[in-house]
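These notes are about the structure you will find just below.
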Amino acid sequence: MRCCHDGGTSLRRALAWVPLLGLCGCSALGIYRFDKPERAPANESVTIPSQIEGGVALTGPMMAALKVAMDDFRPPWVTAEKQEHLEEKCLADWRYIDARVVQANDDLFYVTFSPNLSACGPGLVLLDGGVVYAIDGKGRILAEGE
42 MRCCHDGGTS LRRALAWVPL LGLCGCSALG IYRFDKPERA PANESVTIPS
92 QIEGGVALTG PMMAALKVAM DDFRPPWVTA EKQEHLEEKC LADWRYIDAR
142 VVQANDDLFY VTFSPNLSAC GPGLVLLDGG VVYAIDGKGR ILAEGE
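When we follow our numbering, the leftmost residue of the sequence shown carries the number 42, and every step to the right adds one.
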């Protein structure tokens, strides 16, 4: 009859794999480097008002749909600094992308991204850079179009 204790054989087998995981790198575990947002110095801080009026209200499911679409449209590792041409730098910078989230029903969201390259540099025009995503409540992309 076998008891809960097997003399540590299972533990030894599991630990034998640990050095091999190091050879695969962190990507094998789904880990990638995350740069925390920059914080302004204390002398540039502002006071947050007790009541915030106006603006755009996004629900949690809307935020989840937006995150899925953002990661597909421009993966986190694509940065403006790594791009060669001005148009590519603009497309890799969220400041020049207009977004809209529409909740069609409880389980369907439409997310659109429209590059606004005129805000990036004078004379920059992109004829076909926008995209529309249909995303369900489970965070799956159901369709993608222009």
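Using N, Cα and C, we set each Cβ at its ideal position, and we do this for glycine too.
Taking one beta carbon from each stretch, the segment 103–115 and the segment 138–151 have 3 or more pairs nearer than 8 angstroms; the two touch. For leucine 165, the closest of Val172, Trp118, Asn157 by C-alpha to C-alpha distance is Asn157. Residues Ala105, Val109 of the same chain have their beta carbon placed closer than 6 angstroms to that of glycine 180, with the five preceding and five following residues left out of the count. By DSSP's assignment, isoleucine 176 forms a beta bridge with Phe150, Ile182. If you look at glycine 101, you'll find it in the alpha helix (DSSP H) that goes 101–114. Shown here for threonine 100: same chain residues with a beta carbon closer than 8 angstroms to its own, the five before and five after excluded, namely Gln144 in chain order. Apart from the 5 residues on each side of it in sequence, aspartate 113 has no Cβ closer than 6 angstroms to any other Cβ in its chain.
Rounded to the nearest angstrom, the gap between the Cα atoms of glycine 178 and phenylalanine 150 is 8 angstroms.
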